[in-house]
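Here is the structure we will look at.
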């Protein structure tokens, strides 16, 4: 993947429609081909065949934000338990404060 994939939490979804993003969150619920991930708020994700999410595990999702603010999973990585979500949210905050460094934003 050579495309820029900014790290986001739920609060940034609306700003990244039709873009590929990275989300680190906790799997809250799995319902067939969809799941809910808590990443500073609930995000509904549409799983692919290779998604093997486990409830209560941390997961990093690389996916595309849809018009309805769901995220279509392109790839996912299970990080198990014991992730410091406060630290990951601080990283997201830093990437958006200094976006010109991380993903070339002009605003």
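In the UniProt record's numbering, the protein residues as written are 1 to 107. C-beta: ideal position from N, C-alpha, C; glycine also. Owing to the predicted nature of the structure, the values given are computational and were not obtained by experimental measurement.
- By the neighbour-count definition (other C-beta atoms within 10 Å, threshold 16), residue 25 is a buried residue.
- Pairing residue 14 with residue 92, the inter-Cα distance amounts to about 15 Å.
- In the DSSP annotation of this structure, residue 17 is not part of any beta strand (DSSP E), being labelled neither H nor E.
- By the CB criterion at 8 Å, residue 46 and residue 23 fall outside the cutoff.
- A distance below 8 Å separates the beta carbons of residue 95 and residue 6.
- Around the Cβ of residue 63, a 10 Å sphere holds 16 or more other Cβ atoms; the residue is buried.
- For residue 58, the closest of 67, 50 and 82 by C-alpha to C-alpha distance is 82.
- At the C-beta level, residue 54 and residue 78 come within 8 Å of one another.
- As DSSP reads the structure, residue 38 sits in a beta bridge with 26 and 42.
- Residue 90 counts as exposed, since fewer than 16 other beta carbons sit within 10 angstroms of its beta carbon.
- Burial state of residue 4 is exposed, judged by a 10 Å Cβ sphere holding fewer than 16 other Cβ atoms.
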